[in-house]
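Participant:
Residue numbers (our numbering): 788 to 865.
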């Protein structure tokens, strides 16, 4: 049970820390976004048929916390 609580608390704390860091550092979200876009951009001359992917980050956070809880409950019960 202790591992379940630790995992949930760590997930919530990490989520809060990352959100606060993005809010405190002006432009950090845009810089990271540009860096990711540049790192994943196709090379010149490469066939660019990929569509733009928009990540629903709030849903990802909720899903991550939910899956963490479910996984830990399954491991705790088993």
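For glycine and all other residues, C-beta sits at the position ideal for the given N, C-alpha and C. No experiment lies behind these values; they were computed from the predicted model shown.
1. Assuming residue 815 is part of the alpha helix (DSSP H), what are its boundary residues?
2. For a test of the three-state rule: what should DSSP assign to residue 801, helix, strand or coil?
3. May I ask whether a heavy atom of the ligand ATP can be found less than 8 Å away from the beta carbon of residue 812?
4. Near residue 852, what residues of its chain come up, given a Cβ to Cβ distance below 8 Å and the 5 sequence neighbours on each side ignored?
5. Do you know whose CA, among 855, 810, 861 and 844, lies nearest residue 793's CA?
6. Using 8 Å for Cβ pairs, my map puts residue 859 next to residue 812. What's the rounded Cβ distance?
7. Are the beta-carbon atoms of residue 815 and residue 808 separated by less than 9 Å?
8. Return the CA-CA distance between residue 861 and residue 844, expressed in angstroms with no decimal places.
Facilitator: Per the coordinate set shown:
1. 815–827
2. helix
3. Ligands displayed in this structure: none; no statement on the ligand ATP is therefore possible.
4. 795, 798, 799 and 802
5. 855
6. Their Cβ separation, rounded to whole angstroms, is 31 Å, which puts residue 859 and residue 812 out of contact at 8 Å.
7. yes
8. 25 Å
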